[in-house]
Every structure is written in structure tokens, then in C-alpha cells.
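Chemist: Before I ask anything, let me first share the structure, which is written out below as C-alpha cells.
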Amino acid sequence: MSANNKEPLVDIRGAFKAFGGVRAVDDVSVCVYPGEVVAVLGHNGAGKSTLMKMLAGAYPIDSGEIRVGGQPAKINNPADSQHLGIETIYQTLALADNLDSVANLFLGRELQTRWGTLDDYAMEKAAREVFHRLNPNFKNIRVPVRSLSGGQRQVVAISRAVYFNAKALIMDEPCAALGPEETRMVHDLVRKLKAAGVGIFLISHDMPDVFGLSDRLCVMKNGKTVGTYKTAEVTEDEVLGMIIAGKKVTRVAESFESAVG
Amino acid sequence: MANLQNTLQISALDLRLSIMAGVLVVMSLAFQMATGNFLTPENLYNIAQQSAVVGIVAAAIGLIIVARQIDLSVGSVMGTIGVLIAWLQYSHGWHWIPSSFAGLAVALVIGMYQGWLTAYLGVPSFVVTLGGLMSFRGVAFLISDGRTQPVTDATFLLVGGGLDGSLGPTLSWVVGLAFAALLLWNMVSRRRRAAAAGFPLRPIGFDILLTGFFIAVLLGFVALMSAYKLESKPSAQGVPNPVLIWGAVVMSLAFVVNRTRFGRYVFAIGGNPEAALLVGIPVKKVMLKLFLLLSVMVTIAAMVSVSRLNAGTNSLGTGMELYVIAAAVIGGVALAGGSGTVLGTVLGSLIIQFLESGLLLMDVGIGYRMVIIGQVLIVAVVFDVLYRRATGERLT
Numbered sequence: 001m002s003a004n005n006k007e008p009l010v011d012i013r014g015a016f017k018a019f020g021g022v023r024a025v026d027d028v029s030v031c032v033y034p035g036e037v038v039a040v041l042g043h044n045g046a047g048k049s050t051l052m053k054m055l056a057g058a059y060p061i062d063s064g065e066i067r068v069g070g071q072p073a074k075i076n077n078p079a080d081s082q083h084l085g086i087e088t089i090y091q092t093l094a095l096a097d098n099l100d101s102v103a104n105l106f107l108g109r110e111l112q113t114r115w116g117t118l119d120d121y122a123m124e125k126a127a128r129e130v131f132h133r134l135n136p137n138f139k140n141i142r143v144p145v146r147s148l149s150g151g152q153r154q155v156v157a158i159s160r161a162v163y164f165n166a167k168a169l170i171m172d173e174p175c176a177a178l179g180p181e182e183t184r185m186v187h188d189l190v191r192k193l194k195a196a197g198v199g200i201f202l203i204s205h206d207m208p209d210v211f212g213l214s215d216r217l218c219v220m221k222n223g224k225t226v227g228t229y230k231t232a233e234v235t236e237d238e239v240l241g242m243i244i245a246g247k248k249v250t251r252v253a254e255s256f257e258s259a260v261g
Numbered sequence: 001m002a003n004l005q006n007t008l009q010i011s012a013l014d015l016r017l018s019i020m021a022g023v024l025v026v027m028s029l030a031f032q033m034a035t036g037n038f039l040t041p042e043n044l045y046n047i048a049q050q051s052a053v054v055g056i057v058a059a060a061i062g063l064i065i066v067a068r069q070i071d072l073s074v075g076s077v078m079g080t081i082g083v084l085i086a087w088l089q090y091s092h093g094w095h096w097i098p099s100s101f102a103g104l105a106v107a108l109v110i111g112m113y114q115g116w117l118t119a120y121l122g123v124p125s126f127v128v129t130l131g132g133l134m135s136f137r138g139v140a141f142l143i144s145d146g147r148t149q150p151v152t153d154a155t156f157l158l159v160g161g162g163l164d165g166s167l168g169p170t171l172s173w174v175v176g177l178a179f180a181a182l183l184l185w186n187m188v189s190r191r192r193r194a195a196a197a198g199f200p201l202r203p204i205g206f207d208i209l210l211t212g213f214f215i216a217v218l219l220g221f222v223a224l225m226s227a228y229k230l231e232s233k234p235s236a237q238g239v240p241n242p243v244l245i246w247g248a249v250v251m252s253l254a255f256v257v258n259r260t261r262f263g264r265y266v267f268a269i270g271g272n273p274e275a276a277l278l279v280g281i282p283v284k285k286v287m288l289k290l291f292l293l294l295s296v297m298v299t300i301a302a303m304v305s306v307s308r309l310n311a312g313t314n315s316l317g318t319g320m321e322l323y324v325i326a327a328a329v330i331g332g333v334a335l336a337g338g339s340g341t342v343l344g345t346v347l348g349s350l351i352i353q354f355l356e357s358g359l360l361l362m363d364v365g366i367g368y369r370m371v372i373i374g375q376v377l378i379v380a381v382v383f384d385v386l387y388r389r390a391t392g393e394r395l396t
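Residue numbers (my numbering), protein chains in the order written: chain A, 1 to 261; chain B, 1 to 396.
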């Protein structure tokens, strides 16, 4: 892994995206290294979700470049992003409420029998293992996910990243709707994935999340980057200053290299 | 209750289907008591073949509604395709097979056009197909300049049923037993795969009871149809051809819904279109395919219809969109999307036809019949809303 640490896992360079006349993301560069958590912060409308949606393939990128594992990557749709090993956990969780947990885990990437039909039993078997690993108490996996609790729904969304062996992971406000116990579960999971060498972009408003989990942080305001720093080198007040006033920290240097190891 | 439901592995949907089947039984008993001749082989033979055209289209439009779309143009498109098939045969002397394929081709082009507008341009399907409802009724008129096109090909006329268009008793039993074997095989293979994967099985007795029930209904139907004999013919009628076609359509669509990616995507799109996009489902392509699938079913329905009437007229299928949508909704397809079953559309089509036929036998006039069927539609939706609330299915 140490050799890999020299090279970013995902490298977004000069990303630009406009909706009508609004520059939602304007010349933003940010990268994540293997085994690293990079927090992306900013107000609502700062452009962080749009930036991440370009990486996830939900919005096509207007200009700029995304490199994955050193290679320029063409991401036109969510399937492209998934093929590159990038998984996304959306704030809305992106679950089809009328389908059960197993169907949701495999949604868009169903396992098939050799006749091209759905292999429900193989999917259920695999799903049980993944769900059990994430939450041993999660048993009612064959009911529509609309009847599950917030934490269980989160488990289903996260299980996609775990089952499909994400190399890079985007988490959009993963703890926003969760209770303390479920938040702890998500934190544990982030640390586990990090230890396994997954690079994680964490979009969050929550300072304890950011300072508890991230190695570096990147603050955005009005579609532009304010600054990128090692989390350990800045204070909460400085981060808030960047988010609210767009005030760059000059006390320490910005950091564009891996903060891990 | 919840525990029992768990052990038996039945869902709220299965329960609703059983309730609807119960409604059908109650209706037929009530009509039998009121008229004395509702539950005769002759009447049931007619009901079965009259339900087929609506049922074939309802099965497909159910999926369109599941995907949060609607198609108001099915009646008009069926008119266009029906007239075209008849016109090619009568006015141009084409054989019925190429005529039918030409009809299918045109139907697919229409489906492509409306599906593309809906899926790729994002025009609401309500508007697209409302336009289609008017335009294609016009096209049906234009094709033959409003003149009725009789069809005479003896083979083609078999498609639509009627007095000659049925399987006869022997073939009916062969087909009936084949379908029964398929149901049995389905049960056995499902159990075997569940066991292989190490999942808890349904109690075997319950599984046998359930499959046995379906087989009993199936064979009971065959027996009933084989009991219908006309004075003028040497052997009994057996299953009408349109019903066989309907059965094949229902089986194929049920397979598509339950066993293929496409079917799962249709439900995912209906449940949460945004999520479907985000997880990488090709939503537009699935939607377009769905409209093409409906086109195929409309073509089949047009063939059955023209054959039944012995002619293609420009009024063919007028108002059918309402019956088809009503059948799907009565059958438990939620207009909010994401929920519905193919079997439900079958029961919905039958409920409408039972009402039509029963009220007709009771000498209820057309005006009252329309009032009653309209209100039954509302009762069905009210029941649907209450049922979903009770079983905890949220309404969007």
C-alpha cells in the first residue's frame, strides 16, 4: 500500500459544472489517496454535492478531468463510475422503497443464472452475509425497505459499497438522519474501510464527524475551493471561518498529498 | 398473524389477490342467484373470451402504470392496427401473416414514437398518449377512408374465438395438463433451489395446497369449457383461442416481471425513479422497451379483436383505454406506481366482465351498467387506499 500512497486513487482536476448561468462547481481540484478520508465541507449550495455527483456519474462533467488510479476516466453515467470501483452512498440513500433489501443491494447489478434470469437465491445468500457483517440484528430482509428503520435503510445503502468492493467511496451526509448507536456503526465502518485501503470522500456538516474521521479536509464556497488542509493541522474555528466567511487559513500550508502513514 | 404470515411466506400482495379472487366468487354466486343462468358453461365461455382482449392489454398497461406512466392511446392504436391488418387483407389481398407482421411493425413504430417522447424528451406520457388517443383514431379512419374492411381468411378467424375458434376438448385437456405440469415444476424447482441455498422452506403442505388450488382452478376451467357443446357441432368447444392467447401473454409477462432484470427495473423506476437513475439503471431505455412491449400486446389484441368481429372498422377499440386502465386499477395496480401484479390485472379484467355480463343477464340497461361499473372502480381504489394504510404500505 505504501507505494500506492504516492499516487492519488481519485484525482479531480479543474472540474467545472454550470446549470444555466449558475456556476455550481468552478475549477475545483481535489484528490483522495488509498486509505484516506477526505472531508468535503461547505454550506448548502457550495457545490460539494454537485462535485461528488460528477464523480458518481449522476451529472456529466462540463470541463476538467477526473483521473482514477492515474488513468484519465470517462464518467458519463452511474454505471461508468461503478465500473471504476467508485461507490456512492447518497444522502437520500437511493433506495427503491417498494423493493426489499436484497433487491436494493443488487439494484442495477443483479446476479443472474446462466439462462439470464434473476438468481434470487444467490442474491439473498450474499445479501444475508453482507447485512450480517454490518448489523447482526438485521433479519427482516425480505420486506419492502419502506418499512425498515432509518438505520436499517442505511445498512442497505452501505452494503452496496461493501459487497461490490469499492476502491473509492463517496458518502454524502451518512450520519445526518441517524441515532447515536447507528452513527457509531457508520464511524466504525468508515475506519474499517479506510484500514482496508479504500479512499473515502466524506461530505458532512457535522464537525465531530469531520474531525473524528477525516485525514484531510477541503472546504468549498460558492462553487470554488477555499482551501485543502490536513485535518490535524487546523482548528474547528478555522474550518468554520472557511465555511462561513470563505477565509483561507494562512497559518499552515495547504496539503495536496496523502495525510496517511 | 404476522408470525403465521412469515412462516407461510405470504406477502400483503398475495393476501390482496386472494381477497379479489374471493370477490369474484361472491359475485358469481350472487349473479347466479339473481339470474339462475350465470354459472353455465355457455355464459362463462362467453365471459372468458370477451375478457381476453381487455385482459391482454391490461396485463401490459399494468406495467406501464407500475413505472408511473400511463397510455391513453391503446384503444386508438388498437383501432389503427386492426384496420390496417384487415385493410391489407381485404383491399390488398395480402395473406394474414404478413398483414399481421405489418401491423406489428406499425405498432412498434408508434410505441417507439410515444415511448421516445416520454422517456427521452421527458414529455408526460399523459399528454403524449392523449394526443395519440385522438390522432390514431384519425389514422384508423384514414387508412380505409372510413370503410369497414371485412376479413374472411378461415385461419385468421380462428384467432378470435367464436364458435369455431376453440381448442376442442382433447387439445384443451392437453394444454391444461401441460400448464398444470408447469405450475408443479415451478413449485418443485423453487423448493429445490431454496433448499440448496439453505433457506427456510414454506411448509410443504401449504405449498401443495397453494399450487393445488391453482391447478384445480385451471383444470376446472378446462372441464367447464369442455362441457360447453353446441347442438350443431359434433364435439364440445373447449378453451376458446383468445383465452389461450391471453394465458400465454399472462405467463410471459409474469415471467418477465418476476424473473428478469427488465421486470425488476420497471418496479424500481416506479418505486423511486431518481434512485433508479443513481444506481445506474438505464431508465430511458427501460421505459422505451416498456412502450414497445405494450405495442406488441396491442397488436395481439387487435388481431383477436378483428378476428372476433370478422372485420376491421375505424371504431375498433373505442373507449377501450378506460376499460383497460380500470381493469389494472381494480386488479390492484397502484396509480402512484411501483406496485401491482400481472395476476391482478387478470382478476380485474374478469371482475369487469363479470359485472357487464351479470348485469346484462339481469336486464340492467346500459346507462345503469355504466354507472355501476364506474362506482365499482371507485370502490376498488378506496379499498386499495385503505388496504395499503392497514398493511403499512406508504402512499406516495
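Positions of the beta carbon are idealized from the N, C-alpha and C atoms, including for glycine.
Do the stretch 29-47 of chain A and the stretch 202-216 of chain A touch if we need at least three Cβ pairs shorter than 8 Å?
Modeler: Touching, per the Cβ criterion.
Chemist: Compare the C-alpha of alanine 301(B) against each of Ala195(B), Lys285(B), Ile81(B) and name the closest.
Modeler: Among Ala195(B), Lys285(B), Ile81(B), the Cα nearest to that of alanine 301(B) is on Ile81(B).
Chemist: In angstroms, rounded to a whole number, what distance separates the CA positions of glycine 79(B) and glycine 312(B)?
Modeler: Computed Cα separation, rounded: 8 Å.
Chemist: Just list the residues that DSSP pairs leucine 169(A) with in beta bridges.
Modeler: In DSSP, leucine 169(A) forms a bridge with Glu87(A), Ile200(A).
Chemist: Quick check on threonine 396(B) - is its C-beta less than 9 Å from some C-beta in chain A?
Modeler: In this prediction, threonine 396(B) has a pLDDT of 40, which is less than 50 and means its spatial position is unreliable; what the coordinates show is noted afterwards. True, the Cβ-Cβ gap to chain A drops below 9 Å.
Chemist: Rounded to whole angstroms, what's the CA-CA distance from valine 74(B) to threonine 345(B)? Just pull it up for me.
Modeler: Roughly 16 Å separates the two Cα atoms.
Chemist: Let me know the secondary structure DSSP gives serine 11(B) once reduced to three states.
Modeler: Coil, per DSSP.
Chemist: Measure the Cβ-Cβ separation of tyrosine 163(A) and alanine 127(A) and say whether it is below 9 Å.
Modeler: A contact, by the Cβ cut-off of 9 Å.
Chemist: Under 8 Å between beta-carbons, which chain A residues line up against arginine 193(B)? List them in chain order, please.
Modeler: Tyr121, listed in chain order.
Chemist: Taking CB distances under 9 Å as the criterion, tell me whether arginine 369(B) reaches chain A.
Modeler: Judged by the 9 Å Cβ criterion, arginine 369(B) is not in contact with chain A.
Chemist: Would you tell me roughly how many angstroms separate the C-alpha atoms of aspartate 80(A) and glycine 57(A), rounded to the nearest one?
Modeler: Taking the straight line joining both Cα atoms gives about 7 Å.
Chemist: Closer than 8 Å between beta carbons: that is the criterion. Which residues of the stretch 94-105 of chain A meet it against chain B?
Modeler: Against chain B - using a Cβ distance shorter than 8 Å - the residues of the stretch 94-105 of chain A are Ala94, Leu95, Ala96, Asp97, Asn98, Leu99, Ala103.
Chemist: Just the C-alpha distance for methionine 1(A) and valine 109(B), rounded to the nearest angstrom, thanks.
Modeler: For methionine 1(A), the pLDDT reaches just 42, beneath the cut-off of 50, and the residue's location in the model is therefore unreliable, although a value from the coordinates is still provided. One C-alpha to the other measures close to 55 Å.
Chemist: Count the other C-beta atoms from every protein chain shown that fall within 10 angstroms of the C-beta of asparagine 165(A), then say buried if there are 16 or more, exposed otherwise.
Modeler: Result: exposed.
Chemist: Whole-angstrom Cβ separation of glycine 263(B) and valine 256(B), contact assumed at under 8 Å?
Modeler: Confirmed, Cβ separation roughly 5 Å.
Chemist: Specify, as a first and last residue, the run of the beta strand (DSSP E) that tyrosine 33(A) falls within.
Modeler: Here tyrosine 33(A) belongs to no beta strand (DSSP E), and DSSP marks it neither H nor E.
Chemist: Taking only three categories from DSSP, how would you classify tyrosine 368(B)?
Modeler: Helix at tyrosine 368(B).
Chemist: Taking only the alpha-carbon atoms, compute the straight-line gap between phenylalanine 267(B) and isoleucine 65(B) and give it to the nearest angstrom.
Modeler: Taking the straight line from one Cα to the other gives about 10 Å.
Chemist: Give the DSSP-derived three-state secondary structure of leucine 217(A) in the structure shown.
Modeler: Looking at leucine 217(A) - three-state DSSP - the assignment turns out to be strand.
Chemist: Determine the contact status of valine 25(A) and leucine 51(A), defining contact as a CB-CB distance below 9 Å.
Modeler: Against a cut-off of 9 Å, the Cβ pair of leucine 51(A) and valine 25(A) comes out as a contact.
Chemist: Check the C-beta distance from proline 240(B) over to serine 166(B) and give it rounded, since I have them as a contact under 8 Å.
Modeler: About 5 Å separates the two Cβ atoms, so the contact holds.
Chemist: Along the chain, where does the alpha helix (DSSP H) containing aspartate 120(A) start, and where does it finish?
Modeler: 120-134 is the span of the alpha helix (DSSP H), which, as asked, contains aspartate 120(A).
Chemist: Within the chosen definition, does the stretch 145-156 of chain A reach the stretch 182-192 of chain A through at least 3 CB pairs nearer than 8 Å?
Modeler: Counting Cβ pairs under 8 Å, three or more are found: they touch.
Chemist: When you compare the CB positions of leucine 39(B) and leucine 350(B), do they come within less than 9 Å of one another, or not?
Modeler: Cβ distance not < 9 Å, so leucine 39(B) and leucine 350(B) don't count as in contact.
Chemist: What residue does the alpha helix (DSSP H) around valine 306(B) start on, and which one ends it?
Modeler: Per DSSP, valine 306(B) belongs to the alpha helix (DSSP H) from 283-309.
Chemist: How many angstroms separate the CA atom of leucine 158(B) from the CA atom of leucine 8(B)?
Modeler: Spanning the two alpha carbons is a distance of roughly 43 Å.
Chemist: Pull the bridge partners of tyrosine 229(A) from the DSSP assignment, please.
Modeler: Answer is Leu217(A).
Chemist: Taking Cβ-Cβ distances below 8 Å as the criterion, which residues of the stretch 301-313 of chain B are in contact with chain A?
Modeler: The residues in question: there are none.
Chemist: Can you find a C-beta in chain E that's less than 9 Å from the C-beta of asparagine 186(B)?
Modeler: The structure shown contains no chain E; the protein chains it does contain are A and B.
Chemist: Out of curiosity, what's the CA-to-CA distance linking glycine 403(B) and alanine 223(B)?
Modeler: Any answer about residue 403(B) is impossible in this case: the structure gives chain B only from 1 up to 396.
Chemist: Which residues bound the beta strand (DSSP E) around leucine 41(A)?
Modeler: Run containing leucine 41(A): 37-41, per the beta strand (DSSP E) assignment.
Chemist: Tell me the rounded alpha-carbon separation between glycine 294(B) and valine 260(A).
Modeler: Inspection of the sequence shows that residue 294(B) is occupied by leucine rather than by glycine. For leucine 294(B) and valine 260(A), the distance between alpha carbons rounds to 56 Å.
Chemist: Which of helix, strand or coil does DSSP assign to arginine 261(B)?
Modeler: Here arginine 261(B) sits in helix by DSSP.
Chemist: In chain order, what residues of the stretch 54-84 of chain A put their CB closer than 7 Å to some CB of chain B?
Modeler: Answer set for the stretch 54-84 of chain A: Ala58, Asn77, Pro78, Ala79, Gln82.
Chemist: Could you pull out every residue in the same chain whose Cβ sits closer than 6 Å to the Cβ of alanine 194(B), ignoring the five residues on either side in sequence?
Modeler: So the qualifying residues of the chain are Leu201.
Chemist: Counting only beta-carbon atoms, is alanine 254(B) nearer than 9 Å to chain A?
Modeler: So, not an interface residue.
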